[in-house]
Amino acid sequence: GAGVSQTPSNKVTEKGKYVELRCDPISGHTALYWYRQSLGQGPEFLIYFQGTGAADDSGLPNDRFFAVRPEGSVSTLKIQRTERGDSAVYLCASSLWGAGNTEAFFGQGTRLTVV
Amino acid sequence: GDSVTQMEGPVTLSEEAFLTINCTYTATGYPSLFWYVQYPGEGLQLLLKATKADDKGSNKGFEATYRKETTSFHLEKGSVQVSDSAVYFCALSLQGAQKLVFGQGTRLTINP
Numbered sequence: 001g002a003g004v005s006q007t008p009s010n011k012v013t014e015k016g017k018y019v020e021l022r023c024d025p026i027s028g029h030t031a032l033y034w035y036r037q038s039l040g041q042g043p044e045f046l047i048y049f050q051g052t053g054a055a056d057d058s059g060l061p062n063d064r065f066f067a068v069r070p071e072g073s074v075s076t077l078k079i080q081r082t083e084r085g086d087s088a089v090y091l092c093a094s095s096l097w098g099a100g101n102t103e104a105f106f107g108q109g110t111r112l113t114v115v
Numbered sequence: 116g117d118s119v120t121q122m123e124g125p126v127t128l129s130e131e132a133f134l135t136i137n138c139t140y141t142a143t144g145y146p147s148l149f150w151y152v153q154y155p156g157e158g159l160q161l162l163l164k165a166t167k168a169d170d171k172g173s174n175k176g177f178e179a180t181y182r183k184e185t186t187s188f189h190l191e192k193g194s195v196q197v198s199d200s201a202v203y204f205c206a207l208s209l210q211g212a213q214k215l216v217f218g219q220g221t222r223l224t225i226n227p
């Protein structure tokens, strides 16, 4: 596709439920990132993939959060036992290599609301 | 830890006014510095960047100079337009690390 695509654009879920957020990066981009943006704040890093492997997952807040990228393209962010504090916009970005060297392109995000 | 601090918003200006949005950083190494912009209804876009001290990034009439001595990367534009209304984020990336560390963002509104 022309840009980074994230689905769904909005997700409302009940506390305690499991959710999956999907990211389709720009074709050919080997690097993929997940960020979380709370209201009025800047994006906070969650995890970085280079190809199929998670090269840096230091930003995942706890073991309820997990992300995969099995074929080195599409990625899924999975949140178990959701809590109201997980409510935020989840952003995905991709770049040719790392964001320190090449431009990172962001999707429009998935707005997650936990009620 | 590594961090970025931006001037608090919101900022409201009239068209053709001069713009400065302050950004300072704390980093253990020698970061690359970025300004990203988020227009209403769109995703974050890279506006400009600088990778070493004294470099000046520029794009769409915006400029920012990497000042190592003051650990700053202030965004400036000489004459703003209504279409510049957006949220602006300053960010850094450390050498060898691929993640971006963002400031909290500054909402800019330009009135005609």
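Just so you know, the sequences run in chain order A and B.
Letter 2 of the first sequence, counting from 1, is numbered 2 in my numbering, and no numbers are missing.
One gets my numbering by counting positions in the second sequence from 1 and adding 115 to each.
Here a beta-carbon is modelled for each residue, glycine too, at the ideal position from N, C-alpha and C.
Outcome for residue i when other beta-carbon atoms lying within 10 angstroms are tallied against a minimum of 16
| i | result |
| --- | --- |
| residue 80 of chain A | exposed |
| residue 185 of chain B | exposed |
| residue 192 of chain B | buried |
| residue 97 of chain A | exposed |
C-beta atoms of residue i and residue j nearer than 8 Å
| i | j | result |
| --- | --- | --- |
| residue 42 of chain A | residue 218 of chain B | yes |
| residue 83 of chain A | residue 17 of chain A | no |
| residue 19 of chain A | residue 113 of chain A | no |
| residue 181 of chain B | residue 128 of chain B | no |
| residue 190 of chain B | residue 174 of chain B | no |
| residue 130 of chain B | residue 197 of chain B | yes |
Residue i at chain B interface by Cβ criterion, 8 Å
| i | result |
| --- | --- |
| residue 63 of chain A | no |
| residue 41 of chain A | yes |
| residue 48 of chain A | yes |
| residue 66 of chain A | no |
| residue 88 of chain A | no |
| residue 104 of chain A | yes |
| residue 56 of chain A | yes |
Min CB distance residue i to chain A below 8 Å
| i | result |
| --- | --- |
| residue 161 of chain B | yes |
| residue 223 of chain B | no |
| residue 204 of chain B | yes |
| residue 157 of chain B | yes |
| residue 215 of chain B | yes |
| residue 116 of chain B | no |
| residue 218 of chain B | yes |
Sheet register partners of residue i (DSSP bridge)
| i | result |
| --- | --- |
| residue 52 of chain A | Per DSSP, none; premise fails for residue 52 of chain A. |
| residue 207 of chain B | B:148 and B:216 |
| residue 60 of chain B | Outside the shown range of chain B, which is 116 to 227, sits residue 60 of chain B, and nothing can be said about it. |
| residue 134 of chain B | B:192 |
>> Please give the ranges of any beta strand (DSSP E) in the segment 142-188 of chain B, keeping only runs that are unbroken, at least 3 residues long and fully inside the region.
In response: 147-153, 160-165, 171-174 and 177-180
> Fully enclosed by the segment 89-115 of chain A, which beta strand (DSSP E) runs are 3 residues long or longer?
Replying inline: 110-114
>> What ranges does the alpha helix (DSSP H) occupy inside the segment 29-82 of chain A, keeping only unbroken runs of at least 4 residues that lie completely in it?
In response: none
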